[in-house]
Structures are given as C-alpha cells and as structure tokens.
Amino acid sequence: MVTKKILTCLTLIAICSLLLSAGCTQDVKETPKPKILGDEEKPKVVVEEKPKVVVEEKPKVVEEKPKVVVEEKPKVVVEEKPKVVVEEGPAIELALKYTPNDSITYRYTAEAQRGIKWEGPMSKESAFKGGKTSSRIEMTFTQQIQSTDEKGNAVAKITIIGLKHLSIIRDNPAIDFDSTREKDKNNALMKLIGESYTVEITPAGRVTQVIDANQAQAAVKGVAPTTKTASAMLTTQAITERHTIPAMPAEDKNKLRKGENWKSLKSFSFGLMGSQTYEKIYTLKDLAERDNQRIALVEMKGDPTTEMAQKMHKEKAIGDFSKMFENTETYTGRLEVDLNAGKIEKCIETLESEWIAVEPMVGEKDENKEPAVLTMTANRLYSLEKIE
958 MVTKKILTCL
968 TLIAICSLLL
978 SAGCTQDVKE
988 TPKPKILGDE
998 EKPKVVVEEK
1008 PKVVVEEKPK
1018 VVEEKPKVVV
1028 EEKPKVVVEE
1038 KPKVVVEEGP
1048 AIELALKYTP
1058 NDSITYRYTA
1068 EAQRGIKWEG
1078 PMSKESAFKG
1088 GKTSSRIEMT
1098 FTQQIQSTDE
1108 KGNAVAKITI
1118 IGLKHLSIIR
1128 DNPAIDFDST
1138 REKDKNNALM
1148 KLIGESYTVE
1158 ITPAGRVTQV
1168 IDANQAQAAV
1178 KGVAPTTKTA
1188 SAMLTTQAIT
1198 ERHTIPAMPA
1208 EDKNKLRKGE
1218 NWKSLKSFSF
1228 GLMGSQTYEK
1238 IYTLKDLAER
1248 DNQRIALVEM
1258 KGDPTTEMAQ
1268 KMHKEKAIGD
1278 FSKMFENTET
1288 YTGRLEVDLN
1298 AGKIEKCIET
1308 LESEWIAVEP
1318 MVGEKDENKE
1328 PAVLTMTANR
1338 LYSLEKIE
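Plus 957 on top of the position in the sequence shown (first one is 1) and you've got the numbering used here.
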C-alpha cells in the first residue's frame, strides 16, 4: 500500500515537471498542410478593375452660322376680277306682253359678210381671189296682235311696209333694192311690200309656229333671181329667225335680279373655215328710267371656249383648212326691254371673225420681200329696233 502511494506521488511529480518545461520553451510552428479544396471552394478569380477613365466633357461650342438673308421677291399682285354683286330685292320679270289690237313697228336687219384679202407678194398664183361677198336685208314691218291665250302667247299679224336688200359678190353688186326708190318700183322684190303673214309668238320672244304665209308666198312665185330672193324671205325658217328674239331668257328663267345671267348656244358655219359654236352669256346689267319707261339693259358676250361650246363644237365637222390660220373673234350684243309695256326697244348681236395665214416661202426666196399674208373675215349681224 505504501509502495502504491509512493508510485502515485512520483507519477504526479513527473507530470508536473513536464508541464512546467513545456511552458518555458518557444512555440514550435506547425507546418500547415495544404487543404484540398472542392469545386465549391476554388479560389475566386479577382478581376482587377481598371480605373474608370473619366472623360472630361468639353463645353459645347455652338458655332453660329451666319444667317442667310433671303431677298424677298416682290409679290405679284393678281388683279381680282370684280365680283358681280346681285342686288337684294324683288326680281323683275323679263318677258314680253301682248294685248289684242296692239300694234308696233320694228326695223329688222340681218347681214352676213365674208372677205378675202392678200397682202404682200405671192410665190405663185393663188386659188383665192380677193374681195368681199355679202348679203344685207333691212325690213320694216308692223306687228299687230290679233289674239292671246292663257299662257300669254299671241297670234301676231306681220305686215311688210319697207324693204332694202343689197347683195354683193366679190365686190360687185348683184342685187341693190330699196323700196323707197322710184327706179325700183318694178322690181320683183317690190311685191313683198304690203304682204302679210301670221305667226304665234311666246312671252319669251320665240316664234313657235308660222300660222299662215300662203298669200304672201303666192305673190312672189317665179323663176327670176329677184323673185327667188323674195320667195326665200318668206320660208318658214326665214320668218322664224326674223321674228324670234334671241336674247330673251326662257320662261322658266325670266325672274331676274341685277347682275344675274342666263345662257344659250349659237352655231355658225363659215364654209371652208368650218363651223364654230358659242355660248352666249346674257347679264342683266342695269334698270334705268327713261321717258317714264323702266328699261332693262342686258349685255351679251359670246364665248367659244366654254365647256358647253367646246362639246357642241366637237360634235360638228371641223375643216382642216382652218387649222392653217390663226383666228380671232368678237361676239357681243345688247338688249333693251321696256318692262312697263313688255316691248322690245332694241336688240342687236354682232359677230366678227378673222383668220390670218402667212406664206413664209416668199420671204425666204427674196430677203427684200415680206411674206405674203392671207386674211379672211366673216361678220354676222342681227338687229331689231323699235320705230314707233
């Protein structure tokens, strides 16, 4: 027992000695063993961040461009056509009035003329001969109203009381008649003086029917040239044209104010120069007081370039000969109506056309000579004037 206790004490003393010696020596560094990293423990790749390049913003220099001064062109002032101002107020009725047994005297004039004129030398003999050809009729007649109907239409007896007729062919008179001249008393045209015929005429001035012209036509039968001329004045067409007022508006368009207008078409034939259609535009220009009369004043201008005129013109044959010429034309008219009495005071319409062609070969062959110029003219006249 004593021995065990002695061994136990010795063992304790040895352990304490070892512990004391360990605390006084230097620490022995333990060599670390490299660790084996798994996939999840691989060293992170550190990407070295490059320092940010700070771009110093230069202040924006706004370069001012020199201003381009655009020189303003002077404005072209287009003169505006004056607008037609239609007066307010009640419209007038532009229509003819007929009263039984009423009588009035008119002078009617119709003329057709054409001419050819050469100016300058000609390179060769021309087929055209210069000169004027014309026909002019001036007839004075009375118009007596025999009856009227509920529509305002009238049966009028026309009596011829005076006549002049001049026919010229290439500057040479073919017929020269005047019923007031003593030397013409035996002329066949004298048979027309005193003859009568009846027509039906509307408030719009249209002859709708030649009722009876038999007796007058029988008085001028024959084969002599002057007799045929007299007979031609009594055909239905000639009578209708003579007593129809071309400027009056249709009955459904006769309620008009100042400045308003109406239209109609008229075609003319010019022989070799073909035909031409015009749209006649009538305008109520004014209302005037004259000798206790209220007069409607109407003006007309004919225009061949309107859509309606062009359409009508295309439907008619156009002579190729006219394409060689430059054309100018004027078509005008005037109408005066006594609104109180419902009578025509005056109606006149005039057409003047001219065609010009130049033959340049003459000037080319001889430098000292001007080119030859061919001028052709055509005139038309309609006139009706109240005498008493």
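A virtual CB, placed ideally from N, CA and C, is assigned to each residue, including glycine. Please read these numbers as outputs of a predicted model, since none were measured by experiment.
Quick test of your reading: residue i and residue j, contact by CB under 8 angstroms. State the CB separation rounded to the nearest angstrom.
| i | j | result |
| --- | --- | --- |
| K1148 | V1177 | 5 angstroms |
| I1102 | T1056 | 6 angstroms |
| Y1065 | L1308 | Not a contact, Cβ separation roughly 17 angstroms. |
| L1123 | L1146 | So it is not a contact: roughly 11 angstroms between Cβ atoms. |
| A1048 | R1214 | 5 angstroms |
| A1052 | G1216 | Rounded, the Cβ-Cβ distance is 19 angstroms, inconsistent with contact. |
| E1293 | D1260 | Contact flag wrong, Cβ pair sits at about 22 angstroms. |
What does the Cβ neighbour count give for residue i, buried or exposed, with the cut at 16 atoms within 10 Å?
| i | result |
| --- | --- |
| T1262 | exposed |
| P1206 | buried |
| T982 | Note that T982 scores 41 on pLDDT, short of 50, meaning its location in the model is unreliable; the coordinates nonetheless yield the value given after this. That one is exposed. |
| N1297 | exposed |
| N1171 | exposed |
| M1257 | buried |
| T1186 | buried |
| M1230 | buried |
| V1003 | At V1003, the pLDDT of 45 sits below 50, so the modelled position is not reliable; the number obtained from the coordinates is stated separately. The residue in question, V1003, is exposed, as its Cβ has fewer than 16 Cβ neighbours within 10 Å. |
| I1301 | buried |
| N1144 | buried |
| T1165 | exposed |
| M1333 | buried |
| G1179 | exposed |
| K986 | Any answer about K986 is weak, because its pLDDT of 40 lies below 50 and its placement is not dependable; what the coordinates show is given next. Label assigned to K986: exposed. |
| E1283 | exposed |
| A1189 | exposed |
Rounding to the nearest angstrom, what Cα-Cα distance links residue i and residue j in this structure?
| i | j | result |
| --- | --- | --- |
| V1042 | E1316 | Unreliable positioning characterises V1042 in this predicted model, as indicated by a pLDDT of 49, which lies under 50. The coordinate reading is nonetheless provided below. In a straight line, the C-alpha of V1042 is about 49 angstroms away from that of E1316. |
| R1163 | K1242 | 23 angstroms |
| A1181 | G1088 | 26 angstroms |
| K1212 | C1304 | 19 angstroms |
| G1072 | R1093 | 14 angstroms |
| T1097 | E1076 | 40 angstroms |
| D1295 | Y1063 | 14 angstroms |
| E1208 | N1129 | 45 angstroms |
| E1224 | T1240 | Looking at the sequence shown, residue 1224 is not Glu but Ser. C-alpha separation (whole angstroms): 20 angstroms. |
| V1035 | V1167 | In this prediction, V1035 scores a pLDDT of 49, lower than 50, which makes its location untrustworthy; no coordinate-derived value is stated. |
| F1227 | A1335 | 7 angstroms |
| S1104 | I1118 | 22 angstroms |
| I1061 | E1306 | 21 angstroms |
| M1265 | Q1070 | 26 angstroms |
| E1095 | A1314 | 34 angstroms |
| A1067 | R1199 | 8 angstroms |
| I1252 | T1287 | 26 angstroms |
| A1329 | A1175 | 51 angstroms |
| E1152 | S1136 | 13 angstroms |
| T1099 | Q1250 | 21 angstroms |
| L1338 | S1310 | 12 angstroms |
| I1126 | I1132 | 9 angstroms |
| M1281 | E1345 | 48 angstroms |
| K1210 | E1050 | 9 angstroms |
| A1173 | Y1154 | 7 angstroms |
| I1238 | T1285 | 19 angstroms |
| T1201 | L1331 | 36 angstroms |
| T1289 | T1090 | 22 angstroms |
| R1138 | T1183 | 16 angstroms |
| T1197 | K1220 | 20 angstroms |
| D1059 | D1106 | 15 angstroms |
| W1312 | K1142 | 41 angstroms |
| L913 | V1255 | Residue 913 lies beyond the residue range present for the chain, which begins at 958 and ends at 1345; the question has no answer from this structure. |
With which residues is residue i paired in a DSSP beta bridge?
| i | result |
| --- | --- |
| A1111 | T1105, I1158 |
| M1257 | Y1239, G1290 |
| I1125 | S1091, P1130 |
| K1300 | D1295 |
| Q1233 | F1225 |
| S1136 | S1136 pairs with nothing; no bridge assigned. |
| S1060 | Q1101 |
| Q1070 | S1091, N1336 |
| M1346 | Coverage of the chain is limited to positions 958 through 1345, which leaves residue 1346 absent and any answer about it impossible. |
| V1180 | In DSSP, V1180 forms no bridge with anything. |
| N1211 | For N1211, which the question treats as bridged, DSSP gives no partner whatsoever. |
| T1307 | T1289, L1338 |
| A1314 | L1331 |
| I1150 | Beta-bridge pairing links I1150 to no other residue. |
| N1284 | W1312 |
Is residue i near the ligand COA, judged by its Cβ being under 7 angstroms from some heavy atom?
| i | result |
| --- | --- |
| S1224 | As presented, the structure is devoid of all ligands, the ligand COA included, so that no description of it is given. |
Report yes or no: do three or more beta-carbon pairs, one from the stretch 1152-1168 and one from the stretch 1095-1113, lie closer than 8 angstroms?
-> With the cut-off at 8 angstroms, the stretch 1152-1168 and the stretch 1095-1113 touch.
Is it true that the stretch 1240-1252 meets the stretch 1188-1202, where meeting means three or more beta-carbon pairs spaced less than 8 angstroms apart?
-> Judged by Cβ distances under 8 angstroms, the stretch 1240-1252 makes no contact with the stretch 1188-1202, as fewer than three pairs qualify.
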